[in-house]
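Written out below as structure tokens is the structure these notes cover.
Protein chains: 2
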Amino acid sequence: MLLSKSTEYGIRATLYLTSLKQEGYVSIRDISDELDISFHFLTKIFQKLTQADLLQSFRGPRGGVALARPADQITLLDLVTAIDGPALFTECVLGLPGCGERKPCPLHEAWGPERDNLKALFENATLASMAADLETFDLRLKILHL
Amino acid sequence: MLLSKSTEYGIRATLYLTSLKQEGYVSIRDISDELDISFHFLTKIFQKLTQADLLQSFRGPRGGVALARPADQITLLDLVTAIDGPALFTECVLGLPGCGERKPCPLHEAWGPERDNLKALFENATLASMAADLETFDLRLKILHL
DNA sequence: TATATTTAAGACAATTAAGTCTTTAATTAA
DNA sequence: TTAATTAAAGACTTAATTGTCTTAAATATA
């Protein structure tokens, strides 16, 4: 699996938050209800994003979470690295510690450009651009209940 | 993480087996000792590869494992899908069941070509080509003990 | 000030992945 | 035929991830 469940949830939830375009804070409960994600689990994921300064949170009535900066200044790469860490973009595909130019693994050369592509893709996708796509193409963030 | 530990081990071990260019069977113990992979764990991984007809195994003295077909006819994609399954190349990046052309997630369009690249990379890398690189460039499969 | 609302934090449980150990079956060779 | 060698199979343990629950802290409002 490319992304952990935590990261999958984090992306969907943050994207949903963005799409609401709400002035103030949005409660985590509203988001978890809407996207069918465990409230407590989502709370923990948001805590990571808050600690990484991607979100702001506020306690008490009318509290919740909000983007910490404009939606065009938060990328998918920000979200992924804040939750899963940078391993996907830094570590050897074969898990060999110390794999590098000096003594590379058999996939090193081929994986380098591929990893850069992936990173570029994640870097170019901002919450703003994705939220725009969301509107334009009526994309989905929810699981369908049949 | 892109690949599971099982797949990482499976690739390294199969590649090592290929590089030996041995006529008969190579014992799993020899491979696990050489690459510092748990013997029993590697045995299970090889069992999957044997069941997927990528390896042949033989019990008893002078037994072990061997490639089931020429090294240029086994790809990295074969190994990855045999061990981890095809999810990486088939499932939605955001984990939305039913994500597809009809009702795609916000990453669907961007991820499609990227996934195809990745798949092509894994499909073009055969055990033969990687083993050749291994010789030519003195690449490494082992963890370095300092 | 008291109560309700909301996130923070941490304990705990369930599930999955990773790793170990033991027994069985197949095969060779003495 | 007996003993040694090797993979197969499955039980078991450990660790990591995922998910749940409870309590504490912060804040607003009545």
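Going line by line, the protein sequences match chains A and B. All you need for the working numbering is the position in the first sequence, starting with 1, plus 1. All you need for the working numbering is the position in the second sequence, starting with 1, plus 1. For every residue, glycine included, the Cβ atom is placed at its ideal position computed from N, Cα and C.
Along the stretch 111-140 of chain B, where does the CB come closer than 7 Å to a CB of chain A? Name the residues. 111, 115, 118, 119, 122, 126, 131, 134, 135 and 140
Roughly how many whole angstroms lie between the Cα atoms of residue 115/A and residue 125/B? Translated into the one-based positions of the first sequence, residue 115/A becomes position 114. Translated into the one-based positions of the second sequence, residue 125/B becomes position 124. Looking at the two C-alpha atoms, the distance is approximately 13 Å.
Just to make sure I have the definition right: I need the residues of chain B whose C-beta is within less than 9 Å of the C-beta of residue 94/A. Which are they? The sequence position of residue 94/A within the first sequence is 93, counting from 1. Result: 3, 4, 9 and 12.
Can you find the residues in the same chain that come closer than 6 Å, C-beta to C-beta, to residue 51/A, ignoring five residues on each side of it along the sequence? Locating residue 51/A in the first sequence gives position 50, counting from the first residue. The answer, listed in chain order, is 58.
Proximity below 7 Å, CB of residue 69/B to CB of residue 78/B: For the purposes of this step, residue 69/B is taken as residue 68 along the second sequence, with counting starting at 1. For the purposes of this step, residue 78/B is taken as residue 77 along the second sequence, with counting starting at 1. The answer is no: Cβ separation not under 7 Å.
Of the choices 140/B, 122/B and 26/B, whose alpha-carbon is the least far from that of residue 60/B? Looking up residue 60/B in the second sequence gives position 59. Among 140/B, 122/B and 26/B, the Cα nearest to that of residue 60/B belongs to 26/B.
Outcome for residue 73/B when other beta-carbon atoms lying within 10 angstroms are tallied against a minimum of 16: As a working note, residue 73/B is residue 72 in the second sequence. Burial call: exposed.
Alpha-carbon to alpha-carbon, residue 89/A and residue 15/B: The residue given as residue 15/B occupies position 14 in the second sequence. The residue given as residue 89/A occupies position 88 in the first sequence. One C-alpha to the other measures close to 23 Å.
Excluding five sequence neighbours on each side, which residues of the same chain lie with their C-beta closer than 6 Å to the C-beta of residue 67/A? The residue given as residue 67/A occupies position 66 in the first sequence. Hits under 6 Å: 26 and 57.
Please name the residues in the stretch 95-107 of chain A whose beta-carbon is closer than 8 Å to at least one beta-carbon of chain B, in chain order. 95, 96, 97, 98, 99, 100, 104, 105, 106 and 107
Per-residue burial, residue 41/A [other beta carbons within 10 Å of its own, 16 or more giving buried]: Within the first sequence, residue 41/A is the residue found at index 40, counting from 1. Label assigned to residue 41/A: exposed.
Rounded straight-line distance, which links the Cα of residue 139/A to that of residue 119/B: Along the second sequence, one-based indexing puts residue 119/B at 118. Along the first sequence, one-based indexing puts residue 139/A at 138. Straight-line Cα distance between these residues: approximately 28 Å.
Proximal residues of chain B, C-beta to C-beta of residue 88/A below 8 Å: Start at 1 with the first residue of the first sequence, and residue 88/A comes out as number 87. Residues of chain B passing the Cβ test: 2.
At 7 Å on the CB atoms, spell out the chain B contacts of residue 144/A, in chain order. Locating residue 144/A in the first sequence gives position 143, where the first residue counts as 1. Within 7 Å Cβ-Cβ: 97 and 98.
Please name the residue in 145/A, 29/A and 35/A whose C-alpha comes closest to that of residue 103/B. Taking the first residue of the second sequence as position 1, residue 103/B is located at position 102. Nearest C-alpha to residue 103/B: 145/A.
In angstroms, rounded to a whole number, what distance separates the CA positions of residue 96/B and residue 105/A? Locating residue 96/B in the second sequence gives position 95, counting from the first residue. Locating residue 105/A in the first sequence gives position 104, counting from the first residue. Taking the straight line from one Cα to the other gives about 32 Å.
Anything in chain B within Cβ reach of residue 16/A, meaning under 8 Å, just list it in chain order. Reading the first sequence from its first residue, position 15 is the one you call residue 16/A. Ordered by position in chain B, the residues that pass the 8 Å Cβ test against residue 16/A are 107.
From this set, 107/A, 86/A, 92/A and 30/A, which residue's C-alpha is nearest residue 130/B's C-alpha? The residue labelled residue 130/B in the question sits at position 129 within the second sequence. For residue 130/B, the nearest C-alpha among the options comes from 107/A.
Quick one: grab the DSSP three-state call for residue 65/B. Translated into positions along the second sequence, residue 65/B becomes position 64. The answer is strand: DSSP assigns residue 65/B an E or B state.
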